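The opening residue of the sequence shown carries number 504 in the numbering used here; numbering runs sequentially from there.
Glycine included, C-beta positions come from ideal geometry on N, C-alpha and C.
Computed from a predicted model, the values in this text were never measured in an experiment.
Step one of this worksheet: look at the structure below.
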Amino acid sequence: MRSGALRLALPALALVLIVSMAARAQTPNKQSFEVIEHGRYMATAADCTACHTVKGGQPFAGGGALETPFGVLLAPNITPDLQTGIGGWTDDAFVNAVQNGIGHGGIYLYPAMPYTYYSKMTRADVIAIRAYLDTVQPVHNRVVANQLPFPFNQRETMVGWNALYFRPGDFKPDPSQSEEWNRGAYLVEGAEHCGLCHTPKNAMGGDEGGRAMQGSALQNWYAPDLTGNRHAGLGDWTVDDIVLYLKTGRNRYDIASGPMAEAVTNSTSHLTDADLRAMAVYLKSLPPGGRAAPQPISDQDPAMQHGRAIYDNQCAACHGGGGQGIVGLFPRLSAAPLVQQEQAASLIRVVLEGSRAVATAGAPTGPAMPSFAWQLPDADIADVITYIRNAWGNAAPAVSANDVGKMRQALHREAQQAP
Ligand code: HEC
Ligand code: HEC
Ligand code: HEC
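Rendered as structure tokens:
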């Protein structure tokens, strides 16, 4: 009789255990150290700080300005402050904001908050991020996010936007691919939101269909093609090249500048080698997209001859007579996809304002690219960039003095808006 009851009780107990374990997988224990640590890691992968922390400001206290196709938005305070942060929010409200773009009081968020990507994260990962954010210093800082002009300040317009461009739902693993590939895809398409910058956008700021990761203009930079395209993409990069770039911001092809230098410093340089490798394996599987290489501009062209003279005079000392650079110090300009993008915004910008290469734990000293804004007029900068885009086997559209002039003005406006 006793043993009969036991025989019944044991499976029942196992069932209760399984059910409670499953429930725990859904809602992780937010007080657990492992969950908080995991949340910190996922918040780093998702780079929440990029927008929600201003330079030199309190972590996650908000206020950072973001340019969108509709106007300027400020990122809100996501510290656990009760009045001005997310301290009083339920977990469901938090998940709804991060994964569905529904903010405080049911308002529609603008996709400058990358919920369209975060939607692919698991709920457990998002709850872990909340658990971590609960442990940061609460800061009293009221941020009015919406600074947009009419009609874009009408959040209801986002209902239509979401219907057109937002496909909510968790990441669906592809069973025909390896576990490593699926981990990489989960990170790249979800938390890391690489496509926010690298996928071309239409006039409404939605991802252009069928052109994932083919390169995109953003805030006076150009985020290059990351597909298997051999001319402008990562077709010739190895998995190790990609891992090294994401870990240290530099490799034998390139040194990261601007928004990518920040993404490396804040996010990718802190990921485990296994996660970086998984991301690289996934990126290497992207089929070549974008355009085929154009015909290079002839070296008899006057712009090329003028550009070459300026290059030999001003640039060759660091980048090498053949554009070969010095690995880790001066990026190569020959056979470098970055130099051969469809749009030259990043190149014009770096030559105009100079750039200090990213410094990470893996590569602590950052050499600098001098600013040529005061040394060279627009036409000279245009010709030297046309030259580096078409010398040594490179091929890409020419740059005009007008392109350089426009960038000068845009950088001037940017400097005035900076806090
Ligand atoms: C690329 C910039 C960017 C990144 C990265 C980003 N956010 Fe945001 N976030 C914003 C902006 C901008 C808003 C305000 C949008 C609006 O008002 O429509 C926002 C809104 C929010 C809100 C709603 C707050 C409120 O008061 O309604 C939450 C919560 C939030 N973000 C959390 C996060 C978390 C957590 C992460 C990392 C997983 C993150 N964000 C990453 C830009 C960003
Ligand atoms: C905030 C925008 C932004 C985000 C997010 C971002 N990138 Fe970038 N990325 C850029 C820009 C801009 C450049 C060009 C940088 C330069 O000029 O040095 C770049 C450059 C790169 C390059 C160098 C390519 C080449 O041809 O030299 C790689 C590789 C890269 N990004 C991978 C990634 C991956 C992987 C992710 C996600 C983990 C990511 N990026 C997220 C903006 C971004
Ligand atoms: C004193 C050395 C030096 C000189 C002179 C110099 N550069 Fe640079 N350049 C650098 C360094 C260092 C970087 C990397 C900085 C970074 O990525 O933030 C760089 C980056 C670049 C980049 C971005 C490439 C990439 O992979 O990120 C371009 C394009 C470039 N330089 C073009 C030029 C041109 C054109 C000239 C001449 C008008 C020139 N440079 C002169 C040191 C130099």
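* Asked: Taking the continuous alpha helix (DSSP H) assigned at G810, which residues delimit it?
  -> P805 to Q817
* Rounded to a whole number of angstroms, what is the C-alpha to C-alpha distance between D739 and G559? -> 38 Å
* To do: Taking all protein chains shown into account, decide if I829 is buried (16 or more other Cβ within 10 angstroms of its Cβ) or exposed.
  => exposed
* Following the continuous beta strand (DSSP E) through W724, name the residue where it begins and the one where it ends. => W724 to A726
* Asked: What is the DSSP secondary structure of A512, reduced to helix, strand or coil?
  -> Residue placement at A512 is flagged as unreliable, the pLDDT there being 43, under the threshold of 50; the coordinate-derived value follows with that caveat. Reduced to three states, the DSSP call for A512 is helix.
* Any non-hydrogen atom of ligand 4 closer than 7 Å to H701 Cβ -> Because ligand 4 does not appear in the structure shown, any question about it cannot be addressed here, the ligands present being ligand 1, ligand 2 and ligand 3.
* **Contiguous alpha helix (DSSP H) assignments of at least 4 residues, all confined to the region 728–812** => 742–751, 761–769 and 776–787
* To do: Specify the secondary structure class of E570 as computed by DSSP and reduced to three states.
  => strand
* Looking at S760 and ligand 2, is the gap between the Cβ and the nearest heavy atom below 7 Å? -> yes
* Let me know the alpha helix (DSSP H) ranges lying completely inside the region 655–734, each 4 residues or longer, listed in chain order. => 660–668, 682–689 and 698–701
* To do: Using only alpha-carbon positions, find the residue among F875, Q919 and G608 that is nearest to V907.
  => F875
* Going along the chain, which residues of its own chain have a beta-carbon closer than 7 Å to the beta-carbon of P703, five neighbours each way excluded? -> E711, R714, Q717, G718 and S719
* Given a cut-off of 8 Å, decide if L737 and L729 are closer than it, judged by their beta-carbon atoms. => yes
* Residue interval of the alpha helix (DSSP H) (run including D584) -> Looking at the DSSP string, D584 is not in any alpha helix (DSSP H), and its letter there is neither H nor E.
* To do: Report the residue ranges of all alpha helix (DSSP H) runs contained in full by the region 593–632; include only those spanning at least 4 residues, in chain order.
  => 594–603 and 618–621
* Could you confirm whether any beta carbon from chain D is found closer than 8 Å to the beta carbon of G590? => This model lacks chain D altogether; it includes just one protein chain.
* Rounded distance between the beta-carbons of G687 and Y620, thought under 8 Å -> About 15 Å; that fails the 8 Å criterion.
* To do: Give me the Cβ distance between M545 and A631, rounded to the nearest whole Å; I'm assuming they're in contact under 8 Å.
  => 6 Å
* Can C697 be considered in contact with ligand 1, in the sense that its beta carbon sits closer than 7 Å to one or more heavy atoms? -> no
* Asked: Based on Cα-Cα distance, which residue from L855, N580, G672 and E537 lies nearest to N644?
  -> N580
* Going by Cα to Cα distance, which pick from E845, V853 and G709 is closest to Y618? -> G709
* Asked: Ordered along the chain, which non-local residues of its own chain (more than five positions away) have a Cβ less than 7 Å from that of R822?
  -> First, the residue type needs correcting, since residue 822 is His and not Arg in the sequence shown. The residues are G828, F833 and L836.
* Where does A564 sit, in a helix, a strand or coil, going by DSSP? -> coil
* Quick one, which of G608, A627, N599 and R626 has its alpha-carbon nearest M616's? -> N599
* To do: To the nearest angstrom, report how far apart I456 and T741 are at their CA atoms.
  => This structure does not reach residue 456, given that the chain is present from 504 up to 922, and the question cannot be answered.
* For the alpha helix (DSSP H) holding F536, just list the boundary residues, first then last. => F536 to A548
* For E659, count neighbouring Cβ atoms within 10 angstroms of its own Cβ and tell me buried if that reaches 16, exposed if not. => exposed
* To do: With DSSP collapsed to three states, give me the class of N893.
  => helix
* Exposed or buried, which one is N656 when buried takes at least 16 other CB atoms within 10 Å? -> exposed
* Asked: Which residue comes first and which comes last in the alpha helix (DSSP H) that contains K909?
  -> A904 to Q920
* Buried or exposed: which applies to L585, given that a residue is buried once 16 or more other Cβ atoms fall within 10 Å of its Cβ? -> exposed
* Three-way DSSP call (helix, strand, coil) for S874 in this model -> coil
* **Beta carbon of D886 nearer than 8 Å to that of I813** => yes
* Using only the heavy atoms of ligand 2, determine whether one of them is closer than 7 Å to the beta carbon of V691. => yes
* Identity of the residue in V854, I539 and A871 nearest A862 by Cα -> A871
* To do: Give a single yes or no on whether M763 has its beta carbon closer than 7 Å to a heavy atom of ligand 1.
  => no
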